[in-house]
């Protein structure tokens, strides 16, 4: 039994490595691995294999992205999760601001979602033509999460995209070409935002009205 | 016979009037199109006569007492249908009205048959055929327009809430179309067509076939519209979520979430484990892997050597001049070394041939060689030491040395003299 398991695991070796490194695997980051993870038996195999490491495969609500979770949540795990949540919370506002900025700049119907393509040059051109967008990019790029000290729209947009790639929200299919694909991690982030909204009873609906009023003013 | 002539006359005048008015529209196409887009036409854009003709032709009208002229509804609809301008297209499915007229035509047909008026029978049959065609064309046009809107993702309106409204409108339209379809009572039509195979074919078999096809497409469009609506709503929900949460966080900079990780049930989304880097090092405890490791080490050396080579060349070479320049410099150094070596060899040969062989420095001076004395002495000594043992025995080398200090045994070689000893 154990030999068959380790044999099947060596097939999934690189996949397990990516998961262990803390990567989120979706149809965009790695189609092949994602397809494998959709099989119950593969996930169960990996779970059994990772048991001594106190890890298991987890996914978001609509199973569009997979990552590793703690199997048993002991105290060190709790402490890590707490810190991690703190990090996410501190980067949440710049991320959300970036999402609304892109939506407005590109004039799209919705917020970016997994699989959407982002052409950086197009975004830069649209931003350069619009003082309000320029200011928004400037202020979010200089946030410590994105950490850009550049003055030009082009450099700011590039730095922001670079950071988003580092954090796994975007992938750049060709390093020489400035277009990016949105990964499933964005969907995960939004699910987390929705969860926080519900958990903390944040009255976002009232918020909309007050915002509409400030916009009118 | 009189009715036939009347009909004919009526038709020919209809033809002429129609052609004339279509031409009138064509002649004023640009002004009319401008009016379609802006919603009104300035009477000054047209001359008095054309204006009157357009109003008489029921192309334009002057609402109340305003100065501006407007396109009549059918003209607007015609343009909208021609350019598939979905925001302006309205499709009327007044099925009941059409069914009444079909019934009327069938009655007329029966009457003409009773009176034996074959010409009227033919013309009534033609009208029935047209009415049925009209009926199905209405659905066809509506379905085409619906697909068009669906496939363009309601691109004719700019924002998401307008798209949602348009989608709702399209769904209501489908409902009306399906309701309209249910008004077609095939039992009644079968009864109407009783005893007339041509009529039966027009009213029953053809209509039924087309209607069932249209019904199928309508259901398909409806399904797709509902799907699209779901997507629109999701997009709307996401946009609002992001926008509002960003607004909330902006106004509450110190906002902190609860201690989710210290709950008995840690929320699944929050449970995202710390990364583990699967590192590994070479294990030397397995003899059977040794050949693999050896190979690894060899490739590593090769890579290191390659790296060093590129490193040194990149260090020595000026960044602008590149590696081509650096190999040139290297070649120059090698050439000088070769020259030094050859000069030293010449000294040894000279020693063998000359009856009174000079010292190394004397040779250097005599031959006017450019080498610094120290370098020269080193080279001669190196040359001697590099000789094979037997050949070394053929030469005696004497060093003209000077002790540098009384405190140690360091000697400085002032000069060298090589003598050839014949064996």
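Residue numbers (our numbering), protein chains in the order written: chain A, 1 to 217; chain B, 1 to 423. Where is the CB? At the ideal position from N, CA and C, for every residue including glycine.
Under a three-way DSSP split, which group does residue i fall into?
i, result
"residue 401 of chain B", "strand"
"residue 414 of chain B", "strand"
"residue 197 of chain A", "helix"
"residue 322 of chain B", "Residue placement at residue 322 of chain B is poorly supported in this model, since its pLDDT is 49, which falls under 50; the coordinates are not used for a value here."
"residue 180 of chain A", "strand"
"residue 4 of chain A", "Low local confidence applies: a pLDDT of 49 at residue 4 of chain A is under 50, so the model's placement there is unreliable, with the coordinate-based value given in what follows. Residue 4 of chain A: helix per DSSP, three-state reduction."
"residue 408 of chain B", "coil"
"residue 83 of chain B", "coil"
"residue 152 of chain A", "coil"
"residue 25 of chain B", "helix"
"residue 124 of chain A", "helix"
"residue 114 of chain A", "coil"
"residue 26 of chain A", "strand"
"residue 232 of chain B", "helix"
"residue 60 of chain B", "strand"
"residue 202 of chain A", "coil"
"residue 144 of chain A", "coil"
"residue 75 of chain B", "helix"
"residue 119 of chain B", "helix"
"residue 419 of chain B", "strand"
"residue 396 of chain B", "strand"
"residue 160 of chain A", "helix"
"residue 286 of chain B", "coil"
Residue i versus chain A: which residues are under 7 Å apart at the beta carbon?
i, result
"residue 261 of chain B", "78, 81, 82 and 85"
"residue 245 of chain B", "96, 193, 197 and 204"
"residue 279 of chain B", "Going along chain A, no residue has its Cβ under 7 Å from residue 279 of chain B, so there is no contact; the nearest lies around 11 Å."
"residue 149 of chain B", "The premise fails here: residue 149 of chain B is roughly 15 Å from chain A at the closest Cβ pair, so nothing lies under 7 Å."
I want to verify the contact list: residues of chain A whose CB lies under 8 Å from the CB of residue i, in sequence order.
i, result
"residue 258 of chain B", "199 and 200"
"residue 163 of chain B", "109"
"residue 160 of chain B", "109 and 110"
"residue 170 of chain B", "Those do not exist, as residue 170 of chain B stays about 17 Å from chain A at its closest Cβ, beyond 8 Å."
Determine the direct distance from the alpha carbon of residue j to that of residue i, and round the result to whole angstroms.
i, j, result
"residue 113 of chain B", "residue 154 of chain B", "51 Å"
"residue 374 of chain B", "residue 390 of chain B", "27 Å"
"residue 51 of chain B", "residue 180 of chain B", "39 Å"
"residue 274 of chain B", "residue 268 of chain B", "15 Å"
"residue 92 of chain A", "residue 264 of chain B", "25 Å"
"residue 357 of chain B", "residue 344 of chain B", "14 Å"
"residue 418 of chain B", "residue 302 of chain B", "43 Å"
"residue 60 of chain A", "residue 82 of chain B", "48 Å"
"residue 318 of chain B", "residue 328 of chain B", "Here the model assigns residue 318 of chain B a pLDDT of 47, short of 50, so the residue's position is not dependable, and the following value carries that caveat. C-alpha separation (whole angstroms): 12 Å."
"residue 270 of chain B", "residue 169 of chain A", "17 Å"
"residue 17 of chain A", "residue 277 of chain B", "8 Å"
"residue 55 of chain B", "residue 44 of chain B", "14 Å"
"residue 340 of chain B", "residue 379 of chain B", "7 Å"
"residue 97 of chain A", "residue 69 of chain B", "48 Å"
"residue 43 of chain A", "residue 58 of chain A", "9 Å"
"residue 252 of chain B", "residue 39 of chain B", "48 Å"
"residue 7 of chain A", "residue 130 of chain A", "Confidence is the limiting factor: at residue 7 of chain A the pLDDT is only 49, short of 50, which leaves the residue's position unreliable, though a coordinate-based value still follows. Cα-Cα distance, rounded: 58 Å."
"residue 346 of chain B", "residue 412 of chain B", "25 Å"
"residue 113 of chain A", "residue 183 of chain A", "8 Å"
Just the chain B side, please: which residues come within less than 7 Å of residue i by C-beta, in chain order?
i, result
"residue 70 of chain A", "271 and 273"
"residue 55 of chain A", "273"
"residue 67 of chain A", "272"
How would you list, in chain order, the residues of chain A whose beta-carbon sits under 9 Å from the beta-carbon of residue i?
i, result
"residue 226 of chain B", "In chain order: nothing, as chain A lies at least about 17 Å away."
Could you name the residues of chain B that residue i contacts, counting a contact when the two beta carbons are closer than 9 Å?
i, result
"residue 89 of chain A", "249, 255, 256 and 257"
"residue 146 of chain A", "The premise fails here: residue 146 of chain A is roughly 15 Å from chain B at the closest Cβ pair, so nothing lies under 9 Å."
"residue 103 of chain A", "239, 242 and 243"
For residue i, report the span of its alpha helix (DSSP H) as first-last.
i, result
"residue 33 of chain A", "31-37"
"residue 87 of chain A", "75-106"
"residue 426 of chain B", "Because chain B is modelled from 1 through 423, residue 426 of chain B falls outside the range shown and cannot be assessed."
"residue 48 of chain A", "40-50"
"residue 141 of chain A", "131-141"
"residue 391 of chain B", "389-392"
"residue 19 of chain A", "13-20"
Can you tell me where the beta strand (DSSP E) holding residue i begins and where it ends?
i, result
"residue 119 of chain A", "117-119"
"residue 56 of chain A", "55-59"
"residue 280 of chain B", "Careful: residue 280 of chain B lies outside any beta strand (DSSP E) and carries neither H nor E."
"residue 65 of chain A", "65-70"
Could you work out which residues of chain B lie near residue i, taking near to mean beta carbons separated by less than 8 Å?
i, result
"residue 172 of chain A", "Here the premise fails: no neighbours, minimum Cβ distance about 21 Å."
"residue 93 of chain A", "246, 249 and 250"
Ignoring anything shorter than 4 residues, give me the alpha helix (DSSP H) runs that lie fully in the stretch 125-207 of chain B, in order along the chain. 160-182, 186-192 and 197-200
Segments assigned alpha helix (DSSP H), at least 4 residues, entirely inside the stretch 356-382 of chain B: 360-366
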